[in-house]
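As given, the protein sequences belong to chains A and B, one line each in that order.
Under the working numbering, the letters of the first sequence match residues 1 to 441, in that order.
Under the working numbering, the letters of the second sequence match residues 442 to 841, in that order.
Okay, structure first, notes after.
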Amino acid sequence: MTLVFEPKANRPAPTNTVGFVGWLRQNLFKDIPNTLMTILGLYLTITVVGWVLNWALFNAVWDASSRRECLDLVGRSGACWPGVVEWLPNMIYGLYPKDQVWRINLGFLALIVWLVPLWMGGVKSKVAIGLSVVAFYPFLASYFFLGGDKGPIWTALVALGLWGLVWVWSTALCERRTGLSIGTWLAQRFADADNDIAQKRVRQAAALLLFVVCVGLVSQWSLSEVRTQFWGGLFLTLVISGIGITFSLPAGILLALGRRSDMPAIAMLSTLFIELFRSVPLITILFMFNTMLPLFMPAGTEVNQLLRAIVAVCLFAAAYMAEIVRGGLQAIPKGQYEAASALGLGFWQTTTQVVMPQALKIMIPTIVGNFIGLFKDTTLVSIIGLFDLMNMARAVGEDSDWLGLFIEPFFVVSLIYFVFCFAMSSYSIGLERKLSAGRDR
Amino acid sequence: MALTSQHDDTAERSSLLRRVFFDAKIRAIFLQVLTVAGVVGFLGWLINNTMTNMAARSLSAGFDFLDVSAGFGIGFTLIPYQEGDTYLRVFTVGIMNTLLVAVVAIVLATILGLLVGLARLSTNWIIAGVARAYVELLRNTPLLLQIIAWYFGVFNLLPRPRDSVVLAEVFVLNNRGFYMPSPVAEPGFGIVLTAFVLSIIGAITLYKWEAARRDRTGKSFPAIPAGFAMIVFLPILVYAAAGSPLSWDVPALQGFNFVGGVSVPPSFCALIVALAAYTSCFIAEIVRAGIQSVSKGQIEAAGALNLPANWTLRRVVLPQALRVIIPPLISQYLNVTKNSSLAIAIGFPDLVSVWMNTSLNQSGRAIPIVAMTMAFYCIVSLSVSLVMNRYNRRAQLKER
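Listed below in structure tokens is the structure:
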């Protein structure tokens, strides 16, 4: 008997998994249930998107003078945009006097101008620039927005704001051209290279000179007062959430450090504050401050409603931020503390140079998530009677010309919120990827 | 020589002012005393101001108003309430309504969130995309806006009772609310309930026995299907044997409105739908993150041991995923409870609305009312975190 090698028949080639058809087969039509799901998903998408497009664009009315006209033209099948268009300035600026609206625009433009160096190549002192926004911009902005009489102290503070802006740009430009910050550059230019005291003098003199010029400029300036009752719309939403965000991060860091502190009294007080503010809804805190802040203050103190809301939002946000920061601090291995203490670093040096930079990096997604939450939560101030973006949208439907026009303004406002929140979360994802580049090789 | 200089050094160090700054122990005590004094001083200042202001406005801070008649009606109550009942009753009504909203919204949000979370993990590109769009759209817009939009944009625009939307002939939806049949127990229904409770106890015992036997002998027994069968079929059998002692009160149109069954107002529907949809996004993300946190090696190892697919899921993936899922899930449940306070924007009478708003304005007792509301929310969240801490301690990986 002879053994003859008889090859088996080849197995059939595997189904195509590359290319467009392969991708379709892998991802959409793998088997029958999968195909059914695909069809269901497609059907859902097409129906919803088609319905929204029809309502918002194809069937919409763009020209009418009242809601009645819209209803007569298309009924409920199409959106009635003229009402929203008419109210759009109010939805953005609130009841701010129309001839003063440029101040809001200029104020936010100043913020953007201030922040631009952060994205410029060749700028080194980005941390200082970032801190300067938090420390100095509020003075400039509050004068832009509020205006009115300014005493000597107020003038000095606003001048400090202007000083910050000039410093940021001069430093940014100087660093791009020479690689040195403006102070160092001036010092090297006008003083001996090895005379430290003279260099310091030059820096101080330059800073003082700039400040004097700023005071001179600011004192020439006068803007009429716009009381906070007239603030509203997107502007008010941005002001409240901006203040909340800037306050909550440092306050949260301090509270978190307090809660983790070895000193029992401080740890207990921080814990008490954090747990109290975290376990009640924001709306109860807003109500509490709205009714009780006038009682808490010495008789005769006038606390306007915006300030009450801002205080409530700030304290609430700080408590939430504290827990996030604490989470980040807990993730830092003990070895880092031990190494810092082996190098002879004290508490504040360990915290600011070793622990915080690492902890903040881990916490970025959560912190930004918290900012988004805060931005959305500012809508709650509408319940205590402030006309923020959402309340303005609601007011459209209560205007006699546009009675009952609710869906359209809400749609627009939702889009605005979505754009802001989605941009923030996408930016945080990008930042996270950039910062973790060293870790995930 | 060296000795004396050291001695001088300690003498200098022991001067109190220096020690406050340079001796860690004394500095800590000094800082704490300073902080406590500051906080106490600040609180004292606030209390002093408050007392002066309240005396000036002849307000009182006592709890004696609780048994005074409240004198306003409440649109929706779970327990009997009528105009003229006491403030304490109003408080109870508010708590019940808040808890009802929270429980219903939590149940719906969990189911929806689980589905969306699994859909986001789907290999089907379109399903995953639809789920992602749902999550991104809903969680990037404010909840309050969603609640108000559902209320003004949907539930308020529903037809009048005469042209109601009727589902399955018994569920009715119109601009007065949502109506559904309510069960009416007839004599003998108690036996069915008893059977139901007994079968639940039986199923739990069965499960425990199975787990103990599996640990002892390694043999398995389908305790979960058996338990479910017991819970479902035993009460049905008893129900049939007792002669169906349950009837349904079906809502019917009478004059201008529906009568009978249970009904909830449109504000309740809007609140529940908005809360459930909004929270489901966060739950979906939690579920997705939890399942993705189980490393692939675990599933491959289970496959190498030749575990069947449902065992891999039940004994390998789920226990590890749940450890990641449950803590944030519970905090979402707490969020739902807190967010239910937004009911005030659309006039649903929850705790904040009837108590912190209406009652406060009527009675003017700001301090006791604010304190009681905050105490309620604090108790809820502290008791939940107590339970959570116990769970975490049990579920934590035992490491060095």
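We treat Cβ as the ideally placed atom computed from N, Cα and C, and that holds for glycine.
Since the model is a prediction, treat every value here as computed from it, not as a measurement.
Using 9 Å as the threshold, is the C-beta distance between residue i and residue j below it?
{"i": "Asn-776 of chain B", "j": "Cys-421 of chain A", "result": "no"}
{"i": "Arg-259 of chain A", "j": "Tyr-320 of chain A", "result": "no"}
{"i": "Leu-131 of chain A", "j": "Ala-110 of chain A", "result": "no"}
{"i": "Phe-145 of chain A", "j": "Leu-165 of chain A", "result": "no"}
{"i": "Leu-389 of chain A", "j": "Gly-397 of chain A", "result": "no"}
{"i": "Ser-781 of chain B", "j": "Phe-699 of chain B", "result": "no"}
{"i": "Thr-301 of chain A", "j": "Val-811 of chain B", "result": "no"}
{"i": "Ala-546 of chain B", "j": "Ile-713 of chain B", "result": "yes"}
{"i": "Pro-707 of chain B", "j": "Phe-532 of chain B", "result": "no"}
{"i": "Ile-808 of chain B", "j": "Met-292 of chain A", "result": "yes"}
{"i": "Pro-676 of chain B", "j": "Phe-637 of chain B", "result": "yes"}
{"i": "Val-795 of chain B", "j": "Asn-615 of chain B", "result": "no"}
{"i": "Leu-487 of chain B", "j": "Arg-806 of chain B", "result": "no"}
{"i": "Met-120 of chain A", "j": "Ala-172 of chain A", "result": "yes"}
{"i": "Ala-265 of chain A", "j": "Val-218 of chain A", "result": "no"}
{"i": "Ser-341 of chain A", "j": "Thr-352 of chain A", "result": "no"}
{"i": "Gly-512 of chain B", "j": "Pro-622 of chain B", "result": "no"}
{"i": "Trp-114 of chain A", "j": "Ile-129 of chain A", "result": "yes"}
{"i": "Ala-331 of chain A", "j": "Ala-312 of chain A", "result": "no"}
{"i": "Ala-715 of chain B", "j": "Val-576 of chain B", "result": "no"}
{"i": "Leu-541 of chain B", "j": "Leu-559 of chain B", "result": "no"}
{"i": "Arg-203 of chain A", "j": "Leu-180 of chain A", "result": "no"}
{"i": "Glu-275 of chain A", "j": "Leu-484 of chain B", "result": "no"}
Run through DSSP, which three-state label would residue i get?
{"i": "Gly-516 of chain B", "result": "coil"}
{"i": "Asn-798 of chain B", "result": "helix"}
{"i": "Met-120 of chain A", "result": "coil"}
{"i": "Trp-689 of chain B", "result": "strand"}
{"i": "Ser-510 of chain B", "result": "strand"}
{"i": "Ala-626 of chain B", "result": "strand"}
{"i": "His-448 of chain B", "result": "Per-residue confidence for His-448 of chain B stands at a pLDDT of 49, beneath the threshold of 50, marking its modelled position as unreliable; the derived number appears in the next sentence. In the structure shown, His-448 of chain B sits in a helix (DSSP, three-state: H, G or I)."}
{"i": "Thr-527 of chain B", "result": "strand"}
{"i": "Val-48 of chain A", "result": "helix"}
{"i": "Leu-315 of chain A", "result": "helix"}
{"i": "Val-477 of chain B", "result": "helix"}
{"i": "Arg-841 of chain B", "result": "Only weak support exists for where Arg-841 of chain B lies, its pLDDT of 46 falling under 50; the coordinates are left without a value."}
{"i": "Val-673 of chain B", "result": "helix"}
{"i": "Val-735 of chain B", "result": "coil"}
{"i": "Val-61 of chain A", "result": "strand"}
{"i": "Asp-196 of chain A", "result": "helix"}
{"i": "Met-442 of chain B", "result": "With a pLDDT of only 41 at Met-442 of chain B, under 50, the local geometry of the prediction cannot be trusted, and no value is derived from it."}
{"i": "Val-18 of chain A", "result": "coil"}
{"i": "Arg-441 of chain A", "result": "With a pLDDT of 42 at Arg-441 of chain A, under the threshold of 50, the modelled position of this residue cannot be trusted; read the value that follows with caution. Coil."}
Going by DSSP, name the residue or residues bridged to residue i.
{"i": "Gln-695 of chain B", "result": "B:Asn-698"}
{"i": "Ala-340 of chain A", "result": "Answer is none; Ala-340 of chain A lacks a bridge partner."}
{"i": "Gly-83 of chain A", "result": "According to DSSP, which records beta bridges pairwise, Gly-83 of chain A is partnered with nothing at all."}
{"i": "Tyr-620 of chain B", "result": "B:Val-613, B:Ser-704"}
{"i": "Val-354 of chain A", "result": "According to DSSP, Val-354 of chain A bridges with nothing at all."}
{"i": "Gly-233 of chain A", "result": "A:Asp-388"}
{"i": "Leu-157 of chain A", "result": "Partner(s): none; Leu-157 of chain A has no beta bridge."}
{"i": "Val-436 of chain B", "result": "Absent from the structure is residue 436 of chain B, since the part of chain B shown begins at 442 and ends at 841."}
{"i": "Val-101 of chain A", "result": "Its beta-bridge partners do not exist; DSSP assigns none."}
Which whole-angstrom value is the C-beta distance of residue i and residue j, which I expect to be below 8 Å?
{"i": "Thr-228 of chain A", "j": "Asn-290 of chain A", "result": "Thr-228 of chain A to Asn-290 of chain A, Cβ: 14 Å. No contact."}
{"i": "Ser-170 of chain A", "j": "Thr-378 of chain A", "result": "That pair is no contact at about 35 Å."}
{"i": "Leu-878 of chain B", "j": "Ile-727 of chain B", "result": "With chain B covering only 442 through 841, there is no way to say anything about residue 878 of chain B."}
{"i": "Glu-225 of chain A", "j": "Gly-107 of chain A", "result": "At roughly 15 Å, the Cβ-Cβ gap does not stay under 8 Å, so Glu-225 of chain A and Gly-107 of chain A are not in contact."}
{"i": "Phe-517 of chain B", "j": "Val-793 of chain B", "result": "That belief does not hold up - the Cβ atoms of Phe-517 of chain B and Val-793 of chain B are roughly 15 Å apart, past 8 Å."}
{"i": "Thr-491 of chain B", "j": "Phe-296 of chain A", "result": "6 Å"}
{"i": "Tyr-93 of chain A", "j": "Phe-235 of chain A", "result": "5 Å"}
{"i": "Arg-729 of chain B", "j": "Arg-561 of chain B", "result": "5 Å"}
Touching by the beta-carbon criterion (3+ pairs, under 8 Å), the stretch 243-255 of chain A and the stretch 380-395 of chain A: no
Three or more C-beta pairs below 8 Å linking the stretch 401-420 of chain A and the stretch 584-596 of chain B: yes
The stretch 56-65 of chain A in contact with the stretch 73-81 of chain A per 3-pair CB rule at 8 Å: yes
Segment contact, 8 Å Cβ cut-off, at least three pairs: the stretch 642-661 of chain B with the stretch 622-632 of chain B: no
Stretch pair the stretch 555-574 of chain B + the stretch 21-35 of chain A: three plus CB contacts closer than 8 Å: yes
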